[in-house]
Structures are given as structure tokens and as C-alpha cells.
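**Student:** In our numbering, the protein residues as written are 102 to 383.
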């Protein structure tokens, strides 16, 4: 009886420690964001006088000012346009490359895959000068298309890694049946294989989109005019525009983060399916 009680006590303590640690990590992760959201609904006086208090009256003035006192909608559209097209281009091009690397046998296949994936480990900071030079040479400097090109290429390792793993988890009988029916390579890929990889497309698409949406360095290096400014880059100018109007500044931050959160929440099921599907095969 005593031994059984001791085991239950140890199990209880172990569970309490594990869940306590999880709750602590969740708290320190969400607390800063919660503070930003709550402060964006305060008045400037409340933010300065009682930073950690609950808003006395929820005010939307900060959000109205963020949209009306700057070209927020232009910056938002620029980010949406660039991130969406970069994501579509990366998945369309590198998804097919991942399919070939996963399903076809040819000399050097594994070496090519290793080289492409290893680009994840390469920092783009030392490459900023040659990338900027290439974009200028192509005549794409200070254009949204220049950013789309760079962001799409940045998505190469992500698209290939995620989709390659998922393609390898699919049975080969699917392709064999398509070939027997007279389907070409392109027909097999677009009509048979690609529709089955929706979770992988969603997973890699979310990762590439979020990386493009939040990217700052190349938005700084490759754009100059306000018309081509993206939202993540424009935030640095909001500090000067809104000066000490903290609710407006924090509201701009919330509006910048909101699309990322919404996209992940909507597609989280597909992302989990992709991760599980690739892991089972691996």
C-alpha cells in the first residue's frame, strides 16, 4: 500500500513539474504579445502611467491612427503581394524539383538534394552584396518584383525539404497506374501526385509566406521609395511618424502580426498532417 502510494505521489509530482514547466514557457512566450495587444487599446496616458494594468476603456483610436496617419494600407498590400507571389513561385518551381528528387533515380540525386538542403545553414548576411548587385543588374532594384525574386529563392530549401519528405511517403503504385493510363510526366505530377500533397503545400507555403512577410534585411537593401516599402520595413519609420504615441505604434505592430497568426490558425491542421506524414515515412 505504501509502495503504491509512493508511486502515485511520484507520478503526481512528475506531472506537476512537467505541466508547470509547459505553463511557464507558454506564459513567458505569450506575455509580451498579450501586453502589446492590451496596450494598443489604451490611451497614451494609461500606457505611460500604468503599463501593466488592464485598459480602463478599450479604445480603437490607436488602430484608426495607425491606418489613417500613415500609408499603412499601401505597406500592407505590398507585403501581401510580395509574400503571396514569392510563396506561389517557390512552391510551383521547387515543388516539382522536390518531386523529381524524391521519385526518380539518377546519378548524383542524393548529392544534389544534400546541397540544396544545406543552403538552410548558409547565412544570407554575407551574400547581401552579391544579391543586391544581381538585383540591380536585372533592373529590379526598388521594385516589388526584386523582392519577390529574392524571397522565392530563399524559400528553396524549405519547399524542397518539406515536399520531398512528403512525396517519398506516397506509394509508387500511384505513378505506375498513371503511366499505364498513358499519362505524361507533367500530367502525373499535376493530376495525380500534387493533389495528394495538400498538407505539404500548406506547410511549406505557410513557412515561406511567414518568412517573406517578416523579412527585413532585403526589404531594407533592395527598396528605396515609399511606394515599394513592405510592412515589416515600414515599422522602423512608424517610430518617427508616431513619436511618443505608443498605442498607435503598438496597434501597428499588432496589425503587422495579425496575418501571420490568422494564416497559421487556419492551416495548422494541414501543417500537422504534413509533419506527421513525412515523419511516418522517415
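A virtual CB, placed ideally from N, CA and C, is assigned to each residue, including glycine.
Going by the CB atoms, is the gap between residue 202 and residue 213 shorter than 8 Å?
**Tutor:** Yes.
**Student:** Is the beta carbon of residue 195 sitting closer than 8 Å to the one on residue 261?
**Tutor:** A distance below 8 Å separates the beta carbons of residue 195 and residue 261.
**Student:** Taking the alpha carbon of residue 367 as the reference point, which residue from 321, 307, 332, 179 has its own alpha carbon closest?
**Tutor:** 307
**Student:** Can we say the segment 302–317 touches the segment 262–269, given the rule of at least three CB pairs closer than 8 Å?
**Tutor:** yes
**Student:** Straight-line CA distance for residue 114 to residue 120?
**Tutor:** 10 Å
**Student:** Going by other Cβ atoms of all chains shown within 10 Å of its Cβ, with 16 needed for buried, is residue 299 buried or exposed?
**Tutor:** exposed
**Student:** By the DSSP assignment, the alpha helix (DSSP H) with residue 300 in it spans what residues?
**Tutor:** 299–315
**Student:** Where does residue 229 sit, in a helix, a strand or coil, going by DSSP?
**Tutor:** helix
**Student:** Should the segment 163–177 be regarded as contacting the segment 344–363, the criterion being three or more beta carbon pairs within less than 8 Å?
**Tutor:** Touching, yes.
**Student:** What three-state label does DSSP hand residue 102 in the structure shown?
**Tutor:** Residue placement at residue 102 cannot be trusted, given a pLDDT of 48 that sits under 50; what the coordinates show is reported in the next sentence. Reduced to three states, the DSSP call for residue 102 is coil.
**Student:** If contact is defined by three or more beta carbon pairs under 8 Å, each pair taking one atom from either stretch, is the segment 238–252 in contact with the segment 319–330?
**Tutor:** yes
**Student:** Under DSSP, the alpha helix (DSSP H) around residue 265 begins and ends at which residues?
**Tutor:** 257–269
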